[in-house]
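Structure first, then comments.
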Amino acid sequence: MAFGPNPPPIQPHLCVKGGIEAIAFYEKAFGAQCTFKAMADDGLRVMHANLALFGSEVMLHDEFPEFGGHVMAPAGHAAASITISINLPAPADVDAAVAKAEAAGAEVFMPASDVFWGARYGRLRDPFGHVWAFNAPLAQ
Numbered sequence: 000m001a002f003g004p005n006p007p008p009i010q011p012h013l014c015v016k017g018g019i020e021a022i023a024f025y026e027k028a029f030g031a032q033c034t035f036k037a038m039a040d041d042g043l044r045v046m047h048a049n050l051a052l053f054g055s056e057v058m059l060h061d062e063f064p065e066f067g068g069h070v071m072a073p074a075g076h077a078a079a080s081i082t083i084s085i086n087l088p089a090p091a092d093v094d095a096a097v098a099k100a101e102a103a104g105a106e107v108f109m110p111a112s113d114v115f116w117g118a119r120y121g122r123l124r125d126p127f128g129h130v131w132a133f134n135a136p137l138a139q
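For the sequence shown, numbering that gives the first Met the number 0 gives the first residue as 0, with consecutive numbering after it.
Next up, the structure:
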């Protein structure tokens with residue numbers, strides 16, 4: 000089964016170049032757990048994977064140009080059309096998440112800082128071109 004009995008109502012599906020490497024990065028950078036993985040017939044590409052992270056799930060697959068599945072924002076720093084925002088419980092969690100991802104190879108382009116909407120916030124791009132934001136409310 001590719002998903003549990005109660006899949007989230009909205010679930011990002013990431014297309015990457017290098018699915019096996021992407022899974023390893025998300026495990027190291029975000030503490031993700033791969034809960035399902037199916038390889039393509041070529042044995043080289045991830046056809047489908049589910050990753051549990053931050054209390055939710057994302058799906059992931061390698062690009063399959065032969066089926067119209069192309070990476071839209073390659074790691075060459077093209078603009079990403081979506082940011083995956085992770086809401087964390089405490090400001091220190093934002094600092095820790097950004098630092099852990101950077102140590103694993105992410106490019107931090109907005110270091111964790113206090114922002115005008117009353118939160119601690121930081122943004123980064125993973126090695127596969129996807130943009131992630133981390134957000135936590137400041138103490139009231």
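Backbone N, C-alpha and C define an ideal beta-carbon position, used for all residues, glycine too.
Bear in mind that the values here come from a model prediction, so they are computed numbers and not experimental data.
Task: Pairwise C-alpha distance: Glu-20 and Pro-110 - done: Rounded to the nearest whole angstrom, the CA to CA distance from Pro-110 to Glu-20 is 25 angstroms.
- [ ] Along the alpha helix (DSSP H) that carries Asp-94, what are the first and last residues, could you check?
- [x] The continuous alpha helix (DSSP H) containing Asp-94 extends over residues 90-103.
Task: Uninterrupted beta strand (DSSP E) stretches inside the stretch 26-72 (no shorter than 3 residues) - done: Whole beta strand (DSSP E) segments, 3+ residues: 32-38, 45-52, 55-61.
Open item on the list: Less than 8 angstroms between the C-beta atoms of Leu-137 and Pro-88, yes or no?
Closed with: Taking 8 angstroms as the Cβ cut-off, Leu-137 and Pro-88 do not qualify as a contacting pair.
Task: Residue environment, Phe-108, which counts as buried when at least 16 other CB atoms sit within 10 Å - done: Answer is exposed; the Cβ neighbour count stays below 16.
Open item on the list: Our contact map puts Gly-17 next to Ala-48 with C-beta atoms below 8 angstroms; I'd like the distance itself, whole angstroms only.
Closed with: With a Cβ gap of about 12 angstroms, Gly-17 and Ala-48 do not count as contacting.
Open item on the list: Looking only at its chain, what residues have a beta carbon closer than 6 angstroms to the beta carbon of Gln-32, apart from the 5 residues adjacent to it on each side?
Closed with: Same-chain partners within the cutoff: Ala-51.
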